[in-house]
Amino acid sequence: MDLVCSQAVNDTLNALRSGAMTSNETLDEYLTLENTLGANCSDWWLSSINRTSFDFMDDVSSETSNSSYFDREENPSYFSRDYRIVGTFFQGLILLVGVLGNLLVVMVVYRTRSMHSPTNCYLVSLAAADCVVLIASVPNEILSYYVIGSQWIWGPIGCAVFVFLQNLGINASSLSLTAFTVERYIAICHPMKAQSVCTVKRAKKIVGGVWAFAFCYSSPWLGLTVTEPIHYKGFQTVERCAMKLSRQEYLGYFFADIVVFYLVPLLLSCVLYGLIARVLFNGHFNKYPEVCRHDNQSSVDPTKSSRVQVVKMLVVVVVIFATLWLPYRGMLVYNSFATMYSKASFMDLWFLMFAKTCVYINR
Numbered sequence: 001m002d003l004v005c006s007q008a009v010n011d012t013l014n015a016l017r018s019g020a021m022t023s024n025e026t027l028d029e030y031l032t033l034e035n036t037l038g039a040n041c042s043d044w045w046l047s048s049i050n051r052t053s054f055d056f057m058d059d060v061s062s063e064t065s066n067s068s069y070f071d072r073e074e075n076p077s078y079f080s081r082d083y084r085i086v087g088t089f090f091q092g093l094i095l096l097v098g099v100l101g102n103l104l105v106v107m108v109v110y111r112t113r114s115m116h117s118p119t120n121c122y123l124v125s126l127a128a129a130d131c132v133v134l135i136a137s138v139p140n141e142i143l144s145y146y147v148i149g150s151q152w153i154w155g156p157i158g159c160a161v162f163v164f165l166q167n168l169g170i171n172a173s174s175l176s177l178t179a180f181t182v183e184r185y186i187a188i189c190h191p192m193k194a195q196s197v198c199t200v201k202r203a204k205k206i207v208g209g210v211w212a213f214a215f216c217y218s219s220p221w222l223g224l225t226v227t228e229p230i231h232y233k234g235f236q237t238v239e240r241c242a243m244k245l246s247r248q249e250y251l252g253y254f255f256a257d258i259v260v261f262y263l264v265p266l267l268l269s270c271v272l273y274g275l276i277a278r279v280l281f282n283g284h285f286n287k288y289p290e291v292c293r294h295d296n297q298s299s300v301d302p303t304k305s306s307r308v309q310v311v312k313m314l315v316v317v318v319v320i321f322a323t324l325w326l327p328y329r330g331m332l333v334y335n336s337f338a339t340m341y342s343k344a345s346f347m348d349l350w351f352l353m354f355a356k357t358c359v360y361i362n363r
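Each residue of the sequence shown is one higher than the one before, starting from 1 at the first, in UniProt numbering.
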């Protein structure tokens, strides 16, 4: 199907560029293409011409400027109705639940004095960072399903601010999770040291340092974005949010993001949680009998059971973090190498929605 779609689309674009086909004929050709090959080919056409909103630095080089693209709707959009419905429903639900849930965490911890602990300091930081990501990303992502092409409506300042906030939230979230992991490791594996190291005052300082580092690291995006015009025949000129430099010039930045905010936290979490599991199972279980007998009945020691639950929870945290970030990070790495070697980028629209939705779920 992709080969047939590719040939049909290329023939149409070549005819348009050569001047052998008028804009109305192009529209008729596209409608014929859609009716003949069905929705799958229509989605392939969309993925080949449409640039998604500038979200999480997923800018992909394509020649869409000064070109004509049409849709049968009165207010043109380059996503199928099914795509818009699915994206709006699931991402809108994630936005609502995620923001309310994270705000609830912040409010409960803030108002409950007994919950002012080092662990909860990191959880509040994580919740705040997740709120920033959701608010700065999801509404614009949903909006992009309904505007013309890759239209950006918030102007150059909005372009810079939203991209900055997305990166700030993602980076602060990853660092907060890492700090939480280290704090858990010290508290469980070195309880004597934890009495002086794992304090609320120190936790607040670490959280402040996390946000300061994330702010400084993300601040270049305030000057690396730009809005540029897109010309669609038959429609007024619109703007899109893009990067000032070519994608190749950002590769170092992209790979630094992956290493510092994905690979390092993931590997560190695996190592520390492995050490925690070893301490919980081997370091302390021998001190407690595995089976308590009462009236010839055996039952599992509640201490052991609770520690098994702790280990399971820690494993789940690592698996969720790795799994939900993998589709997007993997696509970013592939497209970066594809750009380096002049190969076509992978931009299947449904997979892109899936990858971004996974990131939002992780909030």
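For each residue, glycine too, the CB sits at the ideal point set by N, CA and C.
Given the structure is predicted, the values throughout are model-derived calculations rather than measurements.
- C189 carries a helical assignment under DSSP once its states are collapsed to helix, strand and coil.
- The beta carbons of A214 and A129 sit closer together than 9 Å.
- The count of Cβ pairs closer than 8 Å, one atom from the region 165-180 and one from the region 102-109, stays below three, leaving the stretches out of contact.
- Remark: C-beta atoms of V124 and R363 do not approach each other more closely than 9 Å.
- In the assembly as shown, F164 is a buried residue. Its beta-carbon has 16 or more other beta-carbons within 10 Å.
- By the criterion of a C-beta distance shorter than 6 Å, R84 is surrounded in its chain by Y145, once the five residues flanking it on both sides are discounted.
- One alpha carbon belongs to I170, the other to C216, and they sit about 13 Å apart.
- Per DSSP, the continuous beta strand (DSSP E) segment holding M243 begins and ends at 238-243.
- According to the DSSP assignment, E228 belongs to the beta strand (DSSP E) that extends over 225-230.
- Residue range 118-144 is occupied by the alpha helix (DSSP H) that includes L126.
- Here T323 carries a helix assignment [DSSP, helix/strand/coil].
- Here the region 113-127 makes contact with the region 196-211; the two share three or more CB pairs at distances below 8 Å.
- For G149, the closest of V138, C241, L352, Y360 by C-alpha to C-alpha distance is C241.
- DSSP, read as helix, strand or coil, puts I258 in helix.
- The three-state secondary structure of G274, taken from DSSP, is helix.
- With contacts defined as CB atoms closer than 9 Å, T323 and I94 fail to qualify as a contacting pair.
- Sixteen is the threshold: when 16 or more other Cβ atoms of the shown chains lie within 10 Å of the Cβ of N140, as they do, the residue is buried.
- Sixteen is the threshold: since fewer than 16 other Cβ atoms of the shown chains lie within 10 Å of the Cβ of M192, the residue is exposed.
- Taking 9 Å as the cut-off, the Cβ atoms of Q91 and A136 do not count as close.
- Of the candidates V317, C189, A355, G155, the residue whose Cα lies closest to the Cα of F281 is C189.
- Taking a C-beta distance under 9 Å as the contact criterion, F321 and L272 do not qualify as a contact pair.
- Rounded to whole angstroms, Y185 and I276 show a C-alpha spacing of 6 Å.
- Annotation for V106: V124, A127, A128 place their beta carbon closer than 7 Å to its own, counting only its chain and skipping 5 residues before and after.
- The distance from the Cβ of L245 to that of L224 is about 7 Å, consistent with a contact at the 8 Å cut-off.
- The C-alpha of P156 lies about 15 Å from the C-alpha of T237.
- Boundaries of the alpha helix (DSSP H) around F90: 81-111.
- In the three-state scheme derived from DSSP, where H, G and I count as helix and E and B as strand, W152 is classed as coil.
- Ranked by Cα distance from V226, the first of L263, A160, M313 is A160.
- Per DSSP, W221 lies in no alpha helix (DSSP H) segment and is marked neither H nor E.
- Going by C-alpha positions, V316 is about 42 Å away from E239.
- The residues I142, Y145, in chain order, have a CB closer than 7 Å to that of T88 in the same chain once the five nearest residues on each side in sequence are set aside.
- Linking L268 to S80 through their CA atoms gives a straight-line distance of about 42 Å.
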